[in-house]
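Accompanying notes for the structure given below.
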Amino acid sequence: MSRLFFVACVLCFASTAIAQVFPNDWENERVIEKGKMPPRVTSYSFATAEDALVGDRKESRMTSLNGDWKFKFTPNAEDRPDDFFASDFDVTQWDTLPVPSSWEVKGYGQPIYTNSVYPFKPDPPRIDRENPVGSYVRDFDVDEQWTEDRIILHFGGVSSAFYVWVNGQLAGYSQGSRLPAEFDVTKLVKPGTNRLAVQVFRWSDGSYFEDQDMWRLSGIHREVLLLRQPRTALNDFFVRTDLDDDFQNATLRIRLRILADRLNGWKGWTLSAQLHDASGKAVLDSELKIDVDAIVNERYPQRDNVKFGLMEANVDSPRKWSAEQPYLYTLVFQLTDPDGQLAEARSCKVGFRRIDVSENGELLVNGVAVKLMGVNRHDHDHVHGKALTRADMREDVRLMKRFNFNSVRTSHYPNDPYFYDMCDQFGIYVMDEANLESHGIKGQLVNEPSWHFAVNDRVIRMVERDKNHPSVISWSLGNESGCGPIHAAAAGWIKDYDPSRFIHYEGAQGDPNSPQYNPAGGFESQRWALPANPDDPAYVDCVSRMYTSVDQLRELADANHIHRPIVMCEYAHAMGNSLGNMKEYWDLIRSKPNLMGGYIWDWIDQGLQTTNEAGDRYIAYGGDFGDQPNSNNFCLNGVINSDRTPTPKTQECKYIFQPIVFEAVDLTKGTINVINRFHFNNADDYAIRWSISKDGQTIEEADFGPIDLPAGQAKQITLPYSMPIDDSDAEYWLRVSFHETKDRLWCDQGYEIAKEQFQLPTESPASDDPPPSATLEIREQADQYTFVGESFTARIDRTSGALVSYEMDGVQWIQSPLRANFWRPQTDNDRGGAKTHVRQKYWKELGDKLKTQSVRLQSSEPNTAHVTVIQVHDRLRLQIDYRISGDGAIAVTLDLDADETLPNLPRFGVTMGISEVFSASQYFGKGPWENYWDRNSGAEVARHAQPTDDLYFEYAMPQENGYRTETRWLELSGKGQTIRIDGLKPFGFSIWPYSSENIDEARHTYDLVEQGFYTLNLDDRQMGVGGTDSWSPKAMPLEKYRIPAGKRQWSFTIRPK
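Read in order, the letters of the sequence shown are residues -19 to -1, 1 to 1038 in mature numbering (1 follows the signal peptide of the UniProt record, and there is no 0).
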């Protein structure tokens, strides 16, 4: 028995040891692929040079395997099918799943949203959680003639690790979910029907590098292709366009890689290349040619390295590529066999451009200083998750151009190649980021040598795939993965392989080689007022920071020891109702040469559309699917909505980033200064329009025509309008705008790209309101004062002092009493970092704690009544004066005396319930979209007419919304009646079909319950929304956009019209 026990123990120990020595591939950081082909550029093999020049891949030797696949979901890896890949395995009873797709949004498993916390307990490389597996099967046909070619199976993106079988034989294994995996299946396929099987693991050791702030979704989420090419083929190529120091002429240099089957199988083969302009005309006097043997048998020296250009040509005066002028050439390759027959043709878009850094730390594109007006972008669709269509990608780029963005950071992984094609074509600068984020364990892995395989593979494969895109101006080593020698190694490889782009990595902070280095490093150094220790490592080419305040950014820009460009790779956290103080950021950025700009976080709200138990459709966020852990609604940070519709935040970006600026010089003579902020474009390619409005109504307008104004210069122009002469108190405004004169990829002719408004300096005589002539009857009752006038009746409660009723011609206007208002439903910034429910709790509770000390009635003037209400609370006194006239006008004055030691006010105004019959609105103020004190630069003072319901702006997480600033008057109309509100000075307002309390407490849109009337908020002022981050005290609005406690007074009038 003891011997058997000993043997059992030995076997148990041995099996444990074997398991440790030979772990699962998906839990072994040293196994990142099996059978996967080396990385290469995105390219397709064509049968003719003409087809290659056109570049329509549908005409290439490519077959799409997208579509319906048979699918089986297994909640745990141990229960996955282990023989399904056999050619004769019966899958007829399996489900059908579209490819590409994310299987969780199709009803398999659970979508998980988390920002930085891993969905499993970190224990790298092991996965301490049930690991769902998706098994896929589909059949495909191979033509008899294909057997003459090499056949490559291409997966654009699979999350997170997968095996591939063809006809029952293992083709390979891969991980790294955001880059292609290609397998040479030439020897595995056969003429006729073939069986393709794929098994995908939701989690793998690669997931430790995919801890990005996003929905964790799984499956084959990018396209699957079958690619054919000759057995001897041009497999890869690297194109450089080296502009001279005058940026006039260039040298086209091309490095080539051939893939052939056997030794000397390329003898007698020739490769040629010709460059074509956008019209298809050949640019080079003669084709470049090289023997394939010279490529394959290139000899590498013992010292130094080989010459880069195996093909080279001088190109005189090429048209250069930039985001503003994205001119593309087409390079066409032709590979011919020893008999002179064309074996294949390939093509590549080429943009001539050069990236440099000036002595002042400026980012230079083709020798011109450029500012990056950028945004971070996740792959996301509110219905399909991570599976984007080409139409989705094109729409993203189109919207970026329409709203004056010029750059995108592919946060935090390489995007689909088509997205880069669109950036090349439309003109967007790209910071291409490696799929590397270990946020939950910070820098642990990049300091462990065994993980260098995975890190460098992800970086190198990104560079190899995207190296020919002119839009890519920077390589980013990843995001929030700490800092370690593996980063330095990856950067070193890039610098040697591709010195034409700058290297970025925000985590690379602290320079141990500096004598000023703080040896505490890490968290200690990041507590410095100036976030640098004292500079960043030499292997990054720019200083990158996240969520610096405007003041911190100024400190960095002014630091004498920092000589590199400074970029905010993330800033202006656009969560919910946010994105305040963009103007302050960009006033600073434009004033400092070494500030290259930044990338707003982020492009699109990452909400998923679903329905609740009642069948109500809504946008879901973390936790809504029962996912644990989760980061709640922290995924909703977009400047556009989850369904790709623009928001008021998008409109503000368009104005802040606009390429033309106008300044008043002498408005009495029509003289303004036009500043061309384009980096390359002359303003003569655009048309100027101007108009004059009186109280928001246009009274004169004309086209001015284009002006010759080179990029970066300014010119005064005189607009031929006549200064208005008016004896009224009307407001006159000049509006000037710039428009496209031709159709563009992103817009039609006439599209407005820039605008400005100026109030004209007219003299208006002071006017006194005439004394009321309509009779006013005053009735004093035990519980209220009643005022009866011309077709109206109003009542003020004698206990509370509230205006409780206003009835006009039988219609009750007021559905909820008018009362002072100091609180707003919390925004995400309020709730998160500003913590207004704590810091400004006094004002939230004040509404219930204000005590009415007195309500006094006076009627010293004919046909007029005065009611004075005194309300008090700890360290506060509020006086509300009502002046009621016989014509129905009620002037309201709020006089606040709040101790200056009290916290800042969220708002100072009134709120009341207004009848739902007032379904139409018109106002003269800033609009037409929602705007706030610190986010109203792009809104216009005009007369705006909208349905009242449209004044509410819906956020997926309900919060303060729909505000309009600088309002002169507001009219609400319905059933033949109109309420008009006038301010003695411009005021702010919002109107909702819900109560403030309902909005404040609701977590989703389906929690909102229409109350049967509108909540009307009128304010002297509401604090800004903030725009730095959403989790720290920096979430509060800038000091200038806060409302300090003290003495304040505000008046408005409500009347029938």
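Just so you know, even glycine gets a beta-carbon here, dropped at the ideal spot from N, CA and C.
Bear in mind that the values here come from a model prediction, so they are computed numbers and not experimental data.
Own chain partners of Tyr787 with C-beta closer than 6 angstroms, once the 5 adjacent residues on each side are dropped
For the purposes of this step, residue 787 is taken as residue 806 along the sequence shown, with counting starting at 1. Closer than 6 angstroms at the Cβ level, and outside the excluded window around Tyr787, lie Ala775, Trp794 and Ile795.
Terminal residues of the beta strand (DSSP E) in which Ile962 lies
The residue labelled residue 962 in the question sits at position 981 within the sequence shown. Counting along the chain, the beta strand (DSSP E) containing Ile962 begins and ends at Gln958 to Trp973.
C-alpha distance - Ser83 paired with Ser140, whole-angstrom precision:
The sequence position of residue 83 within the sequence shown is 102, counting from 1. The sequence position of residue 140 within the sequence shown is 159, counting from 1. The straight-line gap separating the alpha-carbon atoms of Ser83 and Ser140 is approximately 9 angstroms.
Just how far apart, CA to CA, sit Arg280 and Val287?
As a first step, residue 280 is located in the sequence shown; it is residue number 299 there, counting from the start. As a first step, residue 287 is located in the sequence shown; it is residue number 306 there, counting from the start. Approximately 8 angstroms, taken between the alpha carbons.
In terms of residues, what are the limits of the beta strand (DSSP E) holding Ser786?
Along the sequence shown, read from residue 1 onward, the residue named residue 786 stands at position 805. First-last of the beta strand (DSSP E) with Ser786: Leu784 to Met789.
Distance CB(Glu551)-CB(Tyr528) smaller than 9 angstroms
Against the sequence shown, residue 551 aligns to sequence position 570. Against the sequence shown, residue 528 aligns to sequence position 547. For the pair Glu551 and Tyr528, the CB atoms are nearer than the 9 angstroms cut-off.
How long is the line joining the alpha carbons of Gln255 and Asn357, rounded to whole angstroms?
In the sequence shown, counting from the first residue as 1, residue 255 sits at position 274. In the sequence shown, counting from the first residue as 1, residue 357 sits at position 376. Whole-angstrom Cα-Cα distance: 36 angstroms.
Quick check: the Cα distance between Gly579 and Ser481, rounded to an integer number of angstroms?
For the purposes of this step, residue 579 is taken as residue 598 along the sequence shown, with counting starting at 1. For the purposes of this step, residue 481 is taken as residue 500 along the sequence shown, with counting starting at 1. The straight-line gap from Cα to Cα measures roughly 21 angstroms.
State the DSSP-derived secondary structure class of Pro909, mapped to helix, strand or coil.
In the sequence shown, counting from the first residue as 1, residue 909 sits at position 928. Coil.
What whole-angstrom Cβ distance do Arg176 and Val118 have, given they're in contact under 8 angstroms?
Numbered from 1 along the sequence shown, position 195 holds the residue referred to as residue 176. Numbered from 1 along the sequence shown, position 137 holds the residue referred to as residue 118. So it is a contact: roughly 7 angstroms between Cβ atoms.
In terms of alpha-carbon separation, which member of Glu376, Leu417 and Trp456 lies closest to Tyr410?
Taking the sequence shown and counting its residues from 1, one reaches residue 410 at position 429. Ranking Glu376, Leu417 and Trp456 by CA distance to the CA of Tyr410 puts Trp456 first.
Going by DSSP, what residue range makes up the beta strand (DSSP E) through Val264?
As a position in the sequence shown, residue 264 is number 283, starting the count at 1. For Val264, there is no enclosing beta strand (DSSP E), as DSSP marks it with neither H nor E.
Helix, strand or coil at Cys634 according to DSSP, with G and I counted as helix:
On the sequence shown, position 653 is the one that residue 634 refers to. Note: Cys634 maps to helix in three-state DSSP.
Could you compute how far the alpha carbon of His925 sits from the alpha carbon of Thr948?
The residue labelled residue 925 in the question sits at position 944 within the sequence shown. The residue labelled residue 948 in the question sits at position 967 within the sequence shown. Rounded to the nearest whole angstrom, the C-alpha separation of His925 and Thr948 is 10 angstroms.
From the DSSP output, which residues share a beta bridge with Met195?
Taking the first residue of the sequence shown as 1, we reach residue 195 at position 214. Under DSSP, Met195 takes part in a beta bridge, and its partners are Thr95.
Over what stretch of residues does the beta strand (DSSP E) that includes Arg535 continue unbroken?
Taking the sequence shown and counting its residues from 1, the one referred to as residue 535 is at position 554. Boundaries around Arg535 are those of the alpha helix (DSSP H), Val531 to Asp539, since no beta strand (DSSP E) includes it.
Can you tell me whether Ser455 is helix, strand or coil according to DSSP?
Residue 455 sits at position 474 when you count from the first residue of the sequence shown. Residue state, collapsed to three classes: strand.
How about Asn885 and Arg1029: do their beta carbons lie closer than 9 angstroms?
Counted from its first residue, the sequence shown places residue 885 at position 904. Counted from its first residue, the sequence shown places residue 1029 at position 1048. Inclusion of Asn885 and Arg1029 in the CB contact set at 9 angstroms is not warranted, their separation being larger than that value.
Backbone CA spacing between Pro1025 and Asn810 [nearest angstrom]:
Here the question's residue 1025 lines up with position 1044 in the sequence shown. Here the question's residue 810 lines up with position 829 in the sequence shown. CA-to-CA, the gap between Pro1025 and Asn810 works out to about 19 angstroms.
Inter-residue Cα distance where the pair is Phe143 and Asn618:
As a working note, residue 143 is residue 162 in the sequence shown. As a working note, residue 618 is residue 637 in the sequence shown. Straight through space, the alpha carbons of Asn618 and Phe143 are spaced by roughly 31 angstroms.
Closest to Trp584 by CA distance: which of Asp377, Ala668 and Ser452 is it?
Here residue 584 refers to the residue found at position 603 when the sequence shown is read from its first residue. Of the candidates Asp377, Ala668 and Ser452, Asp377 places its Cα closest to the Cα of Trp584.
Report buried or exposed for Phe(-15), applying the criterion of at least 16 other Cβ atoms within 10 angstroms of its Cβ.
Residue -15 sits at position 5 when you count from the first residue of the sequence shown. Note that Phe(-15) has pLDDT 40, beneath the 50 cutoff, so the model's placement of it is unreliable and the number below is only indicative. Exposed: under 16 other Cβ atoms inside 10 Å.
Selected residue, minimal CA-CA separation from Asp438, among Pro20, Val646 and Asp477
As a first step, residue 438 is located in the sequence shown; it is residue number 457 there, counting from the start. Cα-wise, what sits closest to Asp438 is Pro20.
What are the boundary residues of the beta strand (DSSP E) that Thr892 is part of?
For this step, residue 892 is matched to residue 911 along the sequence shown. Boundaries of the beta strand (DSSP E) harbouring Thr892: Arg888 to Ser896, taken from the DSSP string.
Beta-bridge pairing of Cys329 - partner residues as DSSP gives them:
Sequence index remark: in the sequence shown, residue 329 carries index 348 (1-based). Bridge partners of Cys329 according to DSSP: Leu312.
Just confirm the distance between the C-beta atoms of Val620 and Leu353, as a whole number of angstroms; I'd bet it's less than 8 angstroms.
Stepping through the sequence shown from its first residue, residue 620 is reached at position 639. Stepping through the sequence shown from its first residue, residue 353 is reached at position 372. Contact flag wrong, Cβ pair sits at about 15 angstroms.
Sort Ala152, Val166 and Glu325 by Cα distance to Ala30 and report the nearest one.
On the sequence shown, position 49 is the one that residue 30 refers to. Sorting Ala152, Val166 and Glu325 by C-alpha distance to the C-alpha of Ala30 places Glu325 at the top.
Would you give the residue range spanned by the alpha helix (DSSP H) that Phe384 belongs to?
The sequence position of residue 384 within the sequence shown is 403, counting from 1. Where Phe384 is concerned, there is no enclosing alpha helix (DSSP H), because DSSP gives it neither an H nor an E.
Quick check: the Cα distance between Gln765 and Arg716, rounded to an integer number of angstroms?
As a working mapping, residue 765 is identified with position 784 in the sequence shown. As a working mapping, residue 716 is identified with position 735 in the sequence shown. Computed Cα separation, rounded: 49 angstroms.
Figure out for me which residue from Arg805, Thr959 and Ser840 has the closest Cα to the Cα of Val891.
For this step, residue 891 is matched to residue 910 along the sequence shown. Nearest Cα to Val891 within the set Arg805, Thr959 and Ser840: Arg805.
Going by C-alpha to C-alpha distance, which of Met43, Val123, Pro172 and Thr986 sits closest to Asn593?
On the sequence shown, position 612 is the one that residue 593 refers to. Comparing Cα positions, the closest option is Thr986.
Could you tell me which residues DSSP puts in a beta bridge with Trp950?
Locating residue 950 in the sequence shown gives position 969, counting from the first residue. In the DSSP output, where bridge partners are listed per residue, Trp950 has Phe905 and Asp963.
Do you know whose CA, among Ser1032, Ser1011, Trp1012 and Gly1005, lies nearest Leu999's CA?
Start at 1 with the first residue of the sequence shown, and residue 999 comes out as number 1018. The shortest C-alpha to C-alpha distance from Leu999 to any of Ser1032, Ser1011, Trp1012 and Gly1005 is the one to Ser1032.
Go through its chain and collect everything with a Cβ distance to Asp790's Cβ below 6 angstroms, but skip five positions before and after it.
The residue given as residue 790 occupies position 809 in the sequence shown. For Asp790, where only same-chain residues beyond five positions count, the Cβ hits under 6 angstroms are Ser772.
Kindly confirm or deny that the stretch 658 to 667 and the stretch 699 to 714 touch, where touching means at least three C-beta pairs closer than 8 angstroms.
No, the stretch 658 to 667 does not touch the stretch 699 to 714.
Rounded to whole angstroms, what is the Cα-Cα separation between Val220 and Glu445?
Here residue 220 is taken as the residue at index 239 of the sequence shown, counted from 1. Here residue 445 is taken as the residue at index 464 of the sequence shown, counted from 1. Taking the CA atoms as reference points, Val220 sits about 11 angstroms from Glu445.
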